[in-house]
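Each residue of the sequence shown is one higher than the last, beginning at 1 in full-length UniProt numbering.
Just below is one structure, and these are the notes that go with it.
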Amino acid sequence: MSQHDGDRRRLRGRAVLGAPLAAETGPAASTRTGPPAREEARVRPGTATEHGGAVPGPHAVCGAIVDASPHLLILDTGDAEPVRLPLAPSTSIWYGGRSGLHVLVPGREAIVRPSADGPGADRVWVDIMRVTGTILSYDGRLVEVDGGPHRGRTHVSISTGALGRVLVRHPHLEPGYLMDVICVRSPDGPRAVRPGTSQPGHRANRLTPPAAGTPPSTTVRGTATWFGDLRSPAPHPGPHPGAPGRGTSGSGWQGSSSHDAAPPGRSASGSQRQDPAPHSARPSGPDGLMAGIGGALRGAAYPAVDPEGDAGGCVDAPQGCAPLPYLSYGSELIVRNECNGRAARVPVIECGCVAARYCDRCVECGTSPRGRIVELTPACFADLGGDLDAGCFNVTLDLAATAVVRSPAVEGPP
(Lines of atoms letter the chains of each structure in order from A; the text may use other names.)
(Lines give C-alpha, C1' and ligand atoms only; values in the text may rest on other atoms or scores of the structure.)
Protein backbone atom coordinates (compact mmCIF):
# COMPACT_ATOMS: atom_id res chain seq x y z
CA MET A 1 0.00 0.00 0.00
CA SER A 2 1.38 3.41 -0.97
CA GLN A 3 2.01 6.18 1.56
CA HIS A 4 -0.75 8.23 -0.12
CA ASP A 5 -3.31 5.42 0.24
CA GLY A 6 -2.22 5.02 3.85
CA ASP A 7 -2.93 8.69 4.54
CA ARG A 8 -6.34 8.43 2.87
CA ARG A 9 -7.29 5.36 4.93
CA ARG A 10 -6.16 6.92 8.21
CA LEU A 11 -8.60 9.75 7.55
CA ARG A 12 -11.31 7.23 6.77
CA GLY A 13 -10.64 5.51 10.10
CA ARG A 14 -11.01 8.79 11.94
CA ALA A 15 -14.23 9.56 10.07
CA VAL A 16 -15.67 6.24 11.25
CA LEU A 17 -14.28 6.18 14.79
CA GLY A 18 -14.56 9.86 15.63
CA ALA A 19 -10.88 10.57 16.31
CA PRO A 20 -9.55 14.05 15.45
CA LEU A 21 -9.19 14.18 11.69
CA ALA A 22 -6.65 16.96 11.48
CA ALA A 23 -4.00 15.34 13.66
CA GLU A 24 -1.52 14.65 10.87
CA THR A 25 -2.51 17.11 8.18
CA GLY A 26 -0.67 20.25 9.19
CA PRO A 27 0.09 22.75 11.92
CA ALA A 28 -3.57 23.56 12.41
CA ALA A 29 -4.21 20.09 13.81
CA SER A 30 -7.24 19.65 15.99
CA THR A 31 -6.75 19.79 19.75
CA ARG A 32 -9.97 17.94 20.53
CA THR A 33 -9.20 14.84 22.64
CA GLY A 34 -12.47 13.74 24.18
CA PRO A 35 -15.64 12.40 22.56
CA PRO A 36 -17.74 14.94 20.66
CA ALA A 37 -20.75 16.44 22.36
CA ARG A 38 -24.15 15.00 21.53
CA GLU A 39 -25.32 18.38 20.28
CA GLU A 40 -22.50 18.42 17.70
CA ALA A 41 -23.34 14.95 16.48
CA ARG A 42 -26.94 15.70 15.64
CA VAL A 43 -26.29 17.57 12.41
CA ARG A 44 -29.46 17.91 10.36
CA PRO A 45 -29.97 19.24 6.85
CA GLY A 46 -30.28 23.01 7.00
CA THR A 47 -29.51 23.39 10.69
CA ALA A 48 -26.71 25.39 12.27
CA THR A 49 -23.61 23.45 13.32
CA GLU A 50 -20.29 24.37 14.82
CA HIS A 51 -18.47 23.01 11.78
CA GLY A 52 -20.88 23.56 8.91
CA GLY A 53 -22.24 27.00 9.78
CA ALA A 54 -25.42 26.04 7.93
CA VAL A 55 -28.17 28.43 7.00
CA PRO A 56 -31.65 26.88 7.22
CA GLY A 57 -33.26 26.38 3.82
CA PRO A 58 -36.47 24.97 2.35
CA HIS A 59 -36.66 21.30 1.43
CA ALA A 60 -37.42 20.38 -2.18
CA VAL A 61 -40.59 18.47 -3.05
CA CYS A 62 -40.57 15.83 -5.81
CA GLY A 63 -43.47 14.06 -7.45
CA ALA A 64 -45.74 13.54 -10.43
CA ILE A 65 -47.88 16.48 -11.50
CA VAL A 66 -51.55 15.86 -10.72
CA ASP A 67 -52.96 19.26 -11.62
CA ALA A 68 -51.87 22.85 -12.06
CA SER A 69 -53.48 26.25 -12.27
CA PRO A 70 -52.02 29.76 -12.41
CA HIS A 71 -52.03 29.78 -8.61
CA LEU A 72 -51.53 26.17 -7.49
CA LEU A 73 -49.42 23.10 -8.33
CA ILE A 74 -50.50 19.68 -7.01
CA LEU A 75 -47.93 16.87 -6.83
CA ASP A 76 -48.32 13.18 -6.06
CA THR A 77 -45.26 12.44 -3.91
CA GLY A 78 -46.28 8.89 -3.04
CA ASP A 79 -47.71 9.91 0.31
CA ALA A 80 -51.34 9.41 1.24
CA GLU A 81 -52.31 12.93 0.20
CA PRO A 82 -51.03 15.04 -2.70
CA VAL A 83 -48.92 18.09 -1.89
CA ARG A 84 -50.34 21.51 -2.80
CA LEU A 85 -47.82 24.24 -3.58
CA PRO A 86 -48.90 27.82 -4.25
CA LEU A 87 -47.55 29.39 -7.45
CA ALA A 88 -46.74 33.09 -7.77
CA PRO A 89 -45.92 35.35 -10.72
CA SER A 90 -42.28 35.16 -9.60
CA THR A 91 -42.17 31.32 -9.74
CA SER A 92 -39.57 30.20 -12.26
CA ILE A 93 -40.50 27.12 -14.36
CA TRP A 94 -37.96 25.07 -16.34
CA TYR A 95 -38.75 22.56 -19.08
CA GLY A 96 -35.72 22.36 -21.35
CA GLY A 97 -35.25 26.08 -20.63
CA ARG A 98 -37.30 28.89 -19.15
CA SER A 99 -40.94 28.07 -19.71
CA GLY A 100 -44.46 28.74 -18.51
CA LEU A 101 -47.50 27.21 -16.84
CA HIS A 102 -48.44 25.26 -19.98
CA VAL A 103 -45.63 22.73 -19.36
CA LEU A 104 -47.12 21.66 -15.99
CA VAL A 105 -48.84 18.70 -17.63
CA PRO A 106 -50.33 15.95 -15.44
CA GLY A 107 -48.08 12.89 -15.42
CA ARG A 108 -44.82 14.73 -15.84
CA GLU A 109 -42.31 14.63 -13.00
CA ALA A 110 -41.43 17.85 -11.19
CA ILE A 111 -39.09 18.94 -8.45
CA VAL A 112 -40.01 22.12 -6.60
CA ARG A 113 -37.88 24.27 -4.35
CA PRO A 114 -40.18 26.27 -2.06
CA SER A 115 -39.58 29.93 -1.39
CA ALA A 116 -37.35 30.66 1.58
CA ASP A 117 -39.90 33.07 3.06
CA GLY A 118 -43.10 31.08 2.62
CA PRO A 119 -44.85 27.93 1.34
CA GLY A 120 -44.96 29.03 -2.30
CA ALA A 121 -42.84 27.61 -5.12
CA ASP A 122 -39.63 29.45 -5.98
CA ARG A 123 -38.30 27.14 -8.74
CA VAL A 124 -39.97 24.28 -10.61
CA TRP A 125 -38.02 21.86 -12.81
CA VAL A 126 -40.10 19.57 -15.02
CA ASP A 127 -38.77 16.22 -16.33
CA ILE A 128 -35.16 17.30 -15.86
CA MET A 129 -32.41 14.68 -16.22
CA ARG A 130 -28.64 14.58 -16.36
CA VAL A 131 -26.34 12.20 -18.21
CA THR A 132 -22.62 11.96 -17.44
CA GLY A 133 -20.05 9.44 -18.55
CA THR A 134 -17.83 8.32 -21.42
CA ILE A 135 -19.00 8.53 -25.03
CA LEU A 136 -19.20 5.13 -26.69
CA SER A 137 -20.62 6.15 -30.07
CA TYR A 138 -22.31 9.01 -31.94
CA ASP A 139 -24.26 8.55 -35.17
CA GLY A 140 -25.15 12.19 -35.78
CA ARG A 141 -28.38 11.98 -33.80
CA LEU A 142 -27.89 9.71 -30.78
CA VAL A 143 -24.94 9.64 -28.38
CA GLU A 144 -24.39 6.42 -26.47
CA VAL A 145 -22.91 7.20 -23.05
CA ASP A 146 -21.40 4.76 -20.56
CA GLY A 147 -22.40 6.03 -17.12
CA GLY A 148 -20.17 3.59 -15.25
CA PRO A 149 -20.89 0.40 -13.29
CA HIS A 150 -23.77 1.88 -11.27
CA ARG A 151 -25.72 3.80 -13.92
CA GLY A 152 -25.37 1.73 -17.07
CA ARG A 153 -25.51 2.97 -20.65
CA THR A 154 -27.84 5.65 -21.99
CA HIS A 155 -28.73 6.89 -25.46
CA VAL A 156 -29.04 10.69 -25.56
CA SER A 157 -30.55 12.59 -28.48
CA ILE A 158 -29.37 16.10 -29.35
CA SER A 159 -31.77 18.33 -31.25
CA THR A 160 -30.52 20.62 -34.00
CA GLY A 161 -31.31 23.66 -31.85
CA ALA A 162 -29.24 22.39 -28.90
CA LEU A 163 -26.34 20.93 -30.87
CA GLY A 164 -24.46 24.23 -31.08
CA ARG A 165 -24.63 24.79 -27.31
CA VAL A 166 -23.49 21.23 -26.62
CA LEU A 167 -20.60 21.45 -29.08
CA VAL A 168 -19.23 24.56 -27.32
CA ARG A 169 -18.37 22.38 -24.30
CA HIS A 170 -18.14 19.04 -26.08
CA PRO A 171 -16.44 19.74 -29.43
CA HIS A 172 -15.36 16.09 -29.69
CA LEU A 173 -18.44 13.87 -29.74
CA GLU A 174 -16.18 10.89 -30.20
CA PRO A 175 -15.68 7.58 -28.37
CA GLY A 176 -13.48 7.93 -25.31
CA TYR A 177 -14.39 11.54 -24.48
CA LEU A 178 -16.30 12.57 -21.37
CA MET A 179 -19.80 13.98 -21.73
CA ASP A 180 -22.02 15.88 -19.31
CA VAL A 181 -25.39 17.19 -20.48
CA ILE A 182 -28.56 18.52 -18.87
CA CYS A 183 -31.54 16.82 -20.50
CA VAL A 184 -35.30 16.84 -20.59
CA ARG A 185 -37.21 13.57 -20.56
CA SER A 186 -38.92 12.61 -23.82
CA PRO A 187 -40.84 9.51 -24.98
CA ASP A 188 -37.66 8.40 -26.78
CA GLY A 189 -35.33 8.93 -23.84
CA PRO A 190 -33.25 11.87 -22.56
CA ARG A 191 -32.94 14.83 -24.93
CA ALA A 192 -29.90 17.06 -24.32
CA VAL A 193 -30.67 20.78 -24.08
CA ARG A 194 -27.41 22.20 -22.75
CA PRO A 195 -23.98 21.14 -21.46
CA GLY A 196 -23.67 20.44 -17.74
CA THR A 197 -20.12 21.78 -17.44
CA SER A 198 -18.42 25.10 -18.14
CA GLN A 199 -15.20 23.50 -19.43
CA PRO A 200 -14.59 21.53 -22.63
CA GLY A 201 -14.72 17.77 -22.26
CA HIS A 202 -11.53 15.73 -22.39
CA ARG A 203 -10.67 12.08 -22.84
CA ALA A 204 -11.86 9.90 -19.98
CA ASN A 205 -8.40 8.39 -19.49
CA ARG A 206 -6.68 11.77 -19.20
CA LEU A 207 -6.49 11.87 -15.43
CA THR A 208 -4.70 14.53 -13.37
CA PRO A 209 -4.17 13.14 -9.85
CA PRO A 210 -2.92 15.40 -7.05
CA ALA A 211 0.79 15.99 -6.83
CA ALA A 212 2.69 13.22 -5.10
CA GLY A 213 2.84 13.78 -1.36
CA THR A 214 -0.26 16.02 -1.26
CA PRO A 215 -1.99 14.98 2.00
CA PRO A 216 -5.79 14.72 2.09
CA SER A 217 -7.19 17.58 4.14
CA THR A 218 -10.06 17.76 6.61
CA THR A 219 -11.67 20.55 4.58
CA VAL A 220 -11.86 20.07 0.82
CA ARG A 221 -13.14 22.63 -1.69
CA GLY A 222 -14.26 21.90 -5.21
CA THR A 223 -17.36 21.30 -7.31
CA ALA A 224 -20.70 19.76 -6.34
CA THR A 225 -22.85 18.39 -9.16
CA TRP A 226 -25.97 16.23 -9.26
CA PHE A 227 -26.79 12.95 -10.93
CA GLY A 228 -29.75 10.96 -12.22
CA ASP A 229 -33.29 12.08 -12.83
CA LEU A 230 -36.57 12.39 -10.94
CA ARG A 231 -37.66 8.77 -11.37
CA SER A 232 -34.68 6.40 -11.30
CA PRO A 233 -34.11 4.40 -8.11
CA ALA A 234 -30.87 4.92 -6.24
CA PRO A 235 -28.04 2.67 -7.40
CA HIS A 236 -26.37 0.19 -5.08
CA PRO A 237 -22.70 1.04 -4.51
CA GLY A 238 -21.25 -2.47 -4.36
CA PRO A 239 -20.52 -4.96 -7.12
CA HIS A 240 -22.98 -7.48 -5.71
CA PRO A 241 -25.85 -6.92 -3.26
CA GLY A 242 -25.12 -10.18 -1.48
CA ALA A 243 -21.42 -9.53 -1.00
CA PRO A 244 -20.29 -9.32 2.62
CA GLY A 245 -20.74 -5.82 4.00
CA ARG A 246 -22.10 -4.38 0.76
CA GLY A 247 -25.72 -4.02 1.83
CA THR A 248 -25.31 -2.48 5.25
CA SER A 249 -23.78 0.87 6.06
CA GLY A 250 -21.79 1.77 9.11
CA SER A 251 -24.85 3.39 10.64
CA GLY A 252 -26.82 0.17 10.71
CA TRP A 253 -29.47 0.61 8.01
CA GLN A 254 -29.79 -1.56 4.96
CA GLY A 255 -30.96 -1.06 1.39
CA SER A 256 -33.30 -3.46 -0.38
CA SER A 257 -32.68 -4.60 -3.94
CA SER A 258 -34.90 -3.18 -6.66
CA HIS A 259 -33.04 -4.19 -9.80
CA ASP A 260 -36.04 -6.28 -10.91
CA ALA A 261 -38.31 -3.24 -10.90
CA ALA A 262 -37.92 -2.61 -14.65
CA PRO A 263 -37.41 -4.85 -17.68
CA PRO A 264 -33.95 -4.99 -19.30
CA GLY A 265 -33.08 -1.86 -21.22
CA ARG A 266 -35.53 0.43 -19.45
CA SER A 267 -35.61 2.37 -16.23
CA ALA A 268 -38.44 1.99 -13.77
CA SER A 269 -40.21 4.85 -15.55
CA GLY A 270 -40.26 2.93 -18.81
CA SER A 271 -39.23 5.99 -20.77
CA GLN A 272 -35.45 6.22 -20.54
CA ARG A 273 -33.55 4.03 -22.96
CA GLN A 274 -30.92 2.89 -20.53
CA ASP A 275 -29.10 -0.38 -20.04
CA PRO A 276 -29.68 -1.57 -16.48
CA ALA A 277 -26.94 -0.99 -13.95
CA PRO A 278 -25.74 -4.15 -12.20
CA HIS A 279 -27.71 -3.51 -9.03
CA SER A 280 -29.80 -0.78 -7.47
CA ALA A 281 -31.34 -0.11 -4.11
CA ARG A 282 -33.96 1.99 -2.42
CA PRO A 283 -32.43 2.60 0.97
CA SER A 284 -34.32 3.81 3.99
CA GLY A 285 -32.05 5.39 6.54
CA PRO A 286 -32.03 7.13 9.89
CA ASP A 287 -33.78 10.42 10.61
CA GLY A 288 -35.56 10.39 7.24
CA LEU A 289 -32.35 11.36 5.43
CA MET A 290 -32.87 8.62 2.86
CA ALA A 291 -36.62 8.85 2.58
CA GLY A 292 -38.10 8.54 -0.87
CA ILE A 293 -36.86 7.15 -4.15
CA GLY A 294 -35.67 8.69 -7.39
CA GLY A 295 -35.60 12.46 -7.24
CA ALA A 296 -36.85 12.52 -3.63
CA LEU A 297 -33.90 10.45 -2.39
CA ARG A 298 -31.29 12.42 -0.48
CA GLY A 299 -27.75 11.15 -0.70
CA ALA A 300 -24.37 11.55 -2.36
CA ALA A 301 -21.98 9.78 -4.69
CA TYR A 302 -18.45 10.22 -3.33
CA PRO A 303 -15.44 9.83 -5.65
CA ALA A 304 -13.16 8.21 -3.05
CA VAL A 305 -15.07 5.30 -1.54
CA ASP A 306 -12.47 2.85 -0.27
CA PRO A 307 -12.19 -0.16 -2.64
CA GLU A 308 -10.79 -2.48 0.06
CA GLY A 309 -12.71 -4.60 2.53
CA ASP A 310 -16.45 -3.99 2.82
CA ALA A 311 -16.34 -0.20 2.37
CA GLY A 312 -18.22 -0.45 -0.94
CA GLY A 313 -15.80 1.22 -3.36
CA CYS A 314 -15.00 0.20 -6.94
CA VAL A 315 -11.69 -1.59 -7.39
CA ASP A 316 -10.95 0.17 -10.68
CA ALA A 317 -12.11 3.65 -9.62
CA PRO A 318 -9.58 6.29 -10.73
CA GLN A 319 -8.00 8.80 -8.38
CA GLY A 320 -9.50 12.21 -9.06
CA CYS A 321 -7.62 15.51 -9.21
CA ALA A 322 -8.85 16.56 -5.74
CA PRO A 323 -6.97 15.02 -2.77
CA LEU A 324 -9.88 13.24 -1.05
CA PRO A 325 -9.58 10.81 1.85
CA TYR A 326 -11.18 7.39 1.60
CA LEU A 327 -14.63 6.99 3.14
CA SER A 328 -17.06 4.07 3.15
CA TYR A 329 -20.63 3.55 2.00
CA GLY A 330 -22.90 5.04 4.66
CA SER A 331 -20.44 7.71 5.80
CA GLU A 332 -22.11 11.08 6.32
CA LEU A 333 -20.66 14.14 4.63
CA ILE A 334 -21.13 17.73 5.76
CA VAL A 335 -21.75 19.49 2.45
CA ARG A 336 -21.69 23.30 2.37
CA ASN A 337 -22.78 25.40 -0.60
CA GLU A 338 -20.23 28.23 -0.71
CA CYS A 339 -22.56 30.37 -2.81
CA ASN A 340 -25.27 30.76 -0.16
CA GLY A 341 -23.93 29.23 3.07
CA ARG A 342 -26.44 26.39 3.29
CA ALA A 343 -25.13 23.08 4.60
CA ALA A 344 -26.50 19.59 5.13
CA ARG A 345 -25.53 16.20 6.44
CA VAL A 346 -25.62 13.84 3.44
CA PRO A 347 -25.00 10.06 3.51
CA VAL A 348 -22.81 8.39 0.88
CA ILE A 349 -25.05 6.06 -1.15
CA GLU A 350 -22.85 5.41 -4.19
CA CYS A 351 -19.24 5.21 -5.30
CA GLY A 352 -18.68 8.29 -7.47
CA CYS A 353 -16.16 6.63 -9.77
CA VAL A 354 -17.45 8.54 -12.81
CA ALA A 355 -17.16 11.93 -11.10
CA ALA A 356 -13.50 11.18 -10.31
CA ARG A 357 -12.71 11.42 -14.04
CA TYR A 358 -13.87 15.04 -14.29
CA CYS A 359 -11.33 17.73 -13.43
CA ASP A 360 -13.40 20.80 -14.24
CA ARG A 361 -14.29 23.83 -12.13
CA CYS A 362 -17.56 25.42 -11.07
CA VAL A 363 -17.93 29.16 -11.65
CA GLU A 364 -21.29 29.79 -10.00
CA CYS A 365 -19.75 32.06 -7.35
CA GLY A 366 -16.11 32.62 -8.13
CA THR A 367 -13.95 29.80 -9.47
CA SER A 368 -13.72 26.57 -7.51
CA PRO A 369 -10.59 24.42 -7.28
CA ARG A 370 -10.47 21.65 -9.88
CA GLY A 371 -12.37 18.44 -9.27
CA ARG A 372 -15.86 17.13 -8.62
CA ILE A 373 -15.74 16.17 -4.97
CA VAL A 374 -19.38 15.19 -4.50
CA GLU A 375 -22.41 14.34 -6.64
CA LEU A 376 -25.80 14.87 -5.02
CA THR A 377 -29.23 13.48 -5.76
CA PRO A 378 -31.60 16.08 -7.31
CA ALA A 379 -33.56 16.79 -4.11
CA CYS A 380 -30.41 17.19 -2.03
CA PHE A 381 -28.85 19.49 -4.63
CA ALA A 382 -32.00 21.65 -4.69
CA ASP A 383 -32.24 21.64 -0.86
CA LEU A 384 -28.81 23.24 -0.73
CA GLY A 385 -29.89 26.01 -3.10
CA GLY A 386 -28.39 24.58 -6.29
CA ASP A 387 -30.12 25.25 -9.59
CA LEU A 388 -30.46 21.93 -11.41
CA ASP A 389 -30.24 23.55 -14.83
CA ALA A 390 -26.98 25.30 -13.87
CA GLY A 391 -25.47 21.93 -13.01
CA CYS A 392 -23.07 22.78 -10.16
CA PHE A 393 -22.21 24.94 -7.19
CA ASN A 394 -18.96 25.69 -5.39
CA VAL A 395 -18.75 23.41 -2.37
CA THR A 396 -16.81 22.65 0.79
CA LEU A 397 -16.76 19.20 2.40
CA ASP A 398 -16.10 19.42 6.13
CA LEU A 399 -14.53 16.07 6.99
CA ALA A 400 -13.81 17.06 10.58
CA ALA A 401 -17.57 17.38 11.05
CA THR A 402 -17.95 14.02 9.28
CA ALA A 403 -15.90 12.52 12.11
CA VAL A 404 -18.23 14.14 14.66
CA VAL A 405 -21.46 12.78 13.20
CA ARG A 406 -19.94 9.32 12.63
CA SER A 407 -18.61 8.87 16.18
CA PRO A 408 -20.03 5.82 18.03
CA ALA A 409 -19.48 7.74 21.27
CA VAL A 410 -22.74 9.61 20.77
CA GLU A 411 -25.00 6.58 20.40
CA GLY A 412 -27.81 6.13 22.91
CA PRO A 413 -30.48 8.36 24.39
CA PRO A 414 -29.83 12.11 24.69
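Built from N, CA and C at the ideal position, the CB exists for glycine as well.
Alpha carbon of residue i to alpha carbon of residue j, nearest angstrom
i           : j           : result
residue 201 : residue 183 : 17 Å
residue 220 : residue 59  : 25 Å
residue 80  : residue 298 : 20 Å
residue 402 : residue 374 : 14 Å
residue 160 : residue 319 : 36 Å
residue 156 : residue 127 : 14 Å
residue 334 : residue 132 : 24 Å
residue 208 : residue 144 : 25 Å
residue 88  : residue 303 : 39 Å
residue 399 : residue 324 : 10 Å
residue 135 : residue 312 : 26 Å
residue 348 : residue 106 : 33 Å
residue 340 : residue 124 : 19 Å
residue 211 : residue 310 : 28 Å
residue 103 : residue 86  : 16 Å
Residue i: first and last residue of the uninterrupted alpha helix (DSSP H) it sits in
i           : result
residue 378 : 378 to 383
residue 160 : 160 to 169
Those residues which DSSP pairs with residue i across a bridge
i           : result
residue 76  : 64
residue 183 : 129 and 192
residue 135 : 145
residue 85  : 73
residue 155 : 144
residue 174 : DSSP output for residue 174 lists no bridge partner at all.
residue 375 : 225 and 301
Nearest residue (CA-CA) to residue i, options the options
i           : options               : result
residue 64  : 78, 72 and 305        : 78
residue 342 : 397, 106 and 174      : 397
residue 119 : 91, 196 and 224       : 91
residue 300 : 179, 66, 67 and 227   : 227
residue 327 : 217, 338, 384 and 224 : 217
residue 307 : 175, 351, 222 and 73  : 351
residue 171 : 186, 195 and 185      : 195
For residue i, the first and last residue of its enclosing beta strand (DSSP E)
i           : result
residue 351 : 343 to 351
residue 222 : 219 to 226
residue 114 : 109 to 114
residue 336 : 332 to 337
residue 398 : 392 to 398
residue 92  : 92 to 94
Any non-hydrogen atom of the ligand NAD within 6 Å of residue i CB
i           : result
residue 122 : Summarising the ligand content, the structure contains no ligands, and the ligand NAD is consequently not present.
message: Any contact between the stretch 357 to 372 and the stretch 384 to 404? By contact I mean 3 or more CB pairs, one from each, below 8 Å.
response: The stretch 357 to 372, when compared against the stretch 384 to 404, does touch it at the 8 Å Cβ threshold.
- request: Inspect the CB distances between the stretch 371 to 386 and the stretch 342 to 361 and report whether three or more fall short of 8 Å.
  value: A contact exists between the stretch 371 to 386 and the stretch 342 to 361.
- prompt: Does the stretch 181 to 200 come close enough to the stretch 90 to 99 that 3 or more CB-CB pairs lie under 8 Å?
  reply: yes
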